[in-house]
Ligand code: GDP
Ligand code: IMO
Ligand code: MG
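In this note's numbering, the protein residues as written are 18 to 444.
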């Protein structure tokens with residue numbers, strides 16, 4: 018078997034949580050491969066809403082193993098909080114969750130360093146979620162990090178104890194933080210961190226690369242759940258306004274330890290319009306009453322930070338770029354219902370950058386002044402949130418979907434018309 022992938026093609030919050038939850042019955046294993054608690058994945062079923070940050074979106078289904086893979090960075094305090102919240106509502110997390118020994122740990126000082134870095138950048142700040150993601154990946158690639166597997170090495174005298182490792186890193190961080198008078202805030206967090214580590218000791222730490230490769234040999238089905246979106250990828254996103262991990266399909270190979278030929282179907286998901294939370298370029302942003310209307314109808318507020326999301330029309334050059342980077346084999350369109358209240362719908366089909374035209378590509382730097390070139394389509398002006406099959410959709414909605422398919426040359430296989438698990442149309 019191969020690892021199927023579901024990932025976001027825009028700047029995150031495309032609806033990954035909803036769709037992973039929807040398709041989980043087809044899979045034995047759901048694995049997160051990158052990112053951390055900067056993610057906020059919303060699931061709605063049986064009239065209840067759940068937001069997951071670190072735990073894969075298969076956790077509510079029976080007979081499904083959920084893996085936090087090697088490429089993820091874990092804040093133990095956040096993870097334990099999330100586990101306890103789920104346990105309180107009766108989810109047996111312990112039997113369904115496995116954590117890669119190679120996943121790196123976020124320390125309290127990483128979170129403070131994140132904040133300091135943002136303050137330091139002033140107006141040029143990234144708009145980080147302040148979860149310590151960037152500084153932790155920096156320590157990982159700088160070869161200074163601590164991994165989940167190090168928790169079990171504590172008793173082996175050949176290795177530095179977890180406490181020694183922790184203090185070594187803290188000492189390095191403290192030099193920066195003391196200068197800035199931040200260090201005093203760490204102490205309380207430090208004891209919470211060690212308490213969380215104790216709690217996690219009873220969970221299953223695995224060699225996730227062996228676990229997943231063996232599962233594939235045994236013909237088990239595996240889905241990799243992306244976090245963030247392709248335009249936030251550290252290499253191919255709108256750098257420097259990106260996150261610090263590989264959010265695109267290549268991150269699946271490094272983050273789960275599977276070879277490229279083990280990648281199967283790649284489902285790219287996108288909103289029927291575009292949103293972005295945090296700073297950075299956004300060519301089709303609508304800083305006007307239309308954008309405000311999208312935010313209001315779409316309830317576009319961050320699932321992790323609560324910040325209002327910036328809204329704009331669908332950007333086809335950027336979508337085509339994300340399809341190419343990821344080798345997307347099928348597309349799923351989300352939140353189509355939000356466009357039901359618009360008389361006309363615009364789609365960006367190209368960029369005019371100072372007289373130079375882009376249609377199928379995007380320029381190296383999208384923070385330069387860009388005039389989006391739009392085509393205008395007729396809206397459907399009708400509630401579609403109760404449509405169960407494709408044929409029930411109004412002609413104009415079908416035309417919108419057909420137009421995107423034609424432009425991207427990729428089939429749209431699912432249409433989401435509401436936040437609930439059941440509001441999903443299969444084609
Ligand atoms: P994720 O990070 O990609 O999992 O997405 P988020 O959960 O951060 O944001 C998506 C938001 O849109 C959540 O509030 C979902 O409940 C909601 N949502 C997902 N799909 C749809 C849809 O088709 N229609 C509507 N109205 N809401 C949706
Ligand atoms: P999900 O998985 C939307 C954005 C932040 C910021 C930038 C860097 O829910 O789609 P970071 O904390 O990673 O250093 O922030 O990335 N960002 C997201 N935006 N959805 C997310 O995750 C995001 N995770 C990070 O707003 O602009
Ligand atoms: Mg989200």
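C-beta atoms are modelled at their ideal positions from N, C-alpha and C, and glycine is treated no differently.
Using a Cβ distance threshold of 7 Å, residue 427 and residue 345 count as a contacting pair.
Of all C-beta pairs linking the segment 116–123 to the segment 88–95, three or more are shorter than 8 Å, placing the two stretches in contact. Beta-bridge partners assigned by DSSP to residue 328: 292. The beta strand (DSSP E) runs lying completely inside the segment 320–401 and spanning 3 residues or more are 327–329, 347–351, 361–370, 373–375 and 388–395, given in chain order. Taking a cut-off of 5 Å from the heavy atoms of the ligand MG, the residues with a C-beta inside it are 30, 57 and 320. Inter-segment contact for the segment 254–264 and the segment 47–58 is present: three or more beta-carbon pairs are separated by less than 8 Å. Between residue 321 and residue 146 the beta-carbon gap is near 5 Å, inside 8 Å, which marks them as a contact.
In this structure the segment 345–363 touches the segment 270–284; the number of beta carbon pairs closer than 8 Å is three or more. Taking residue 339 as the centre and dropping the five residues before and after it, the same chain places the C-beta of 26 and 247 closer than 6 Å to its C-beta, in chain order.
The Cβ neighbour count for residue 245, taken over all protein chains shown within 10 Å, is at least 16; the residue is labelled buried. Residue burial is scored here from C-beta neighbours: residue 105 has fewer than 16 other C-beta atoms within 10 angstroms and is therefore classed as exposed. The C-alpha of residue 298 lies about 36 Å from the C-alpha of residue 405.
Listed in chain order, the alpha helix (DSSP H) runs fully inside the segment 243–308 are 267–273, counting runs of at least 4 residues. Ranked by how close their Cα comes to the Cα of residue 333, the residues 379, 308 and 237 have 379 in first place.
Taking a C-beta distance under 7 Å as the contact criterion, residue 166 and residue 118 qualify as a contact pair. Cα atoms of residue 191 and residue 199: separation of roughly 8 Å, rounded to the nearest angstrom.
In this structure, residue 114 sits near residue 83, with a CB-CB distance shorter than 7 Å. In terms of side-chain proximity, the C-beta atom of residue 263 is found no nearer than 6 Å to any non-hydrogen atom of the ligand IMO. With 16 or more other CB atoms across the displayed protein chains lying within 10 angstroms of its CB, residue 21 is buried.
Residue environment analysis places residue 195 among the exposed positions, since fewer than 16 neighbouring C-beta atoms fall within 10 angstroms of its C-beta. Excluding five sequence positions before and after residue 296, the CB atoms of its chain that fall closer than 7 Å to its own CB belong to 142, 143, 144 and 258, given in chain order.
Assignment of beta-bridge partners to residue 121 by DSSP yields 90 and 164.
Beyond the five residues adjoining it in sequence on each side, residue 268 comes within less than 7 Å, by CB distance, of 50, 51, 88 and 262 in the same chain, given in chain order. Taking non-hydrogen atoms of the ligand IMO into account, the C-beta of residue 245 is found less than 6 Å away from one of them.
Assignment of beta-bridge partners to residue 223 by DSSP yields 117. In this structure, residue 342 keeps its C-beta atom at 7 Å or more from the C-beta atom of residue 368. For residue 417, the uninterrupted alpha helix (DSSP H) segment begins and ends at 412–425. Within the chosen limit of 6 Å, the ligand GDP does not reach the beta carbon of residue 341 with any heavy atom. By the CB criterion at 7 Å, residue 434 and residue 354 fall inside the cutoff. Between residue 74 and residue 107, the CB-CB gap reaches or exceeds 7 Å.
Ranked by Cα distance from residue 100, the first of 69, 126, 86 and 81 is 69. Between residue 389 and residue 300, the CB-CB gap stays under 7 Å. Shown here, residue 128 sits in a helix according to DSSP, grouped into three states. For the pair residue 213 and residue 97, the CB atoms are nearer than the 7 Å cut-off. The beta carbon of residue 394 sits closer than 8 Å to the beta carbons of 361, 362, 363, 364, 413, 416, 417 and 420 from its chain, once the five residues preceding and following it are set aside; these are given in chain order.
One thing to note: residue 182 has its Cβ no nearer than 7 Å to the Cβ of residue 168.
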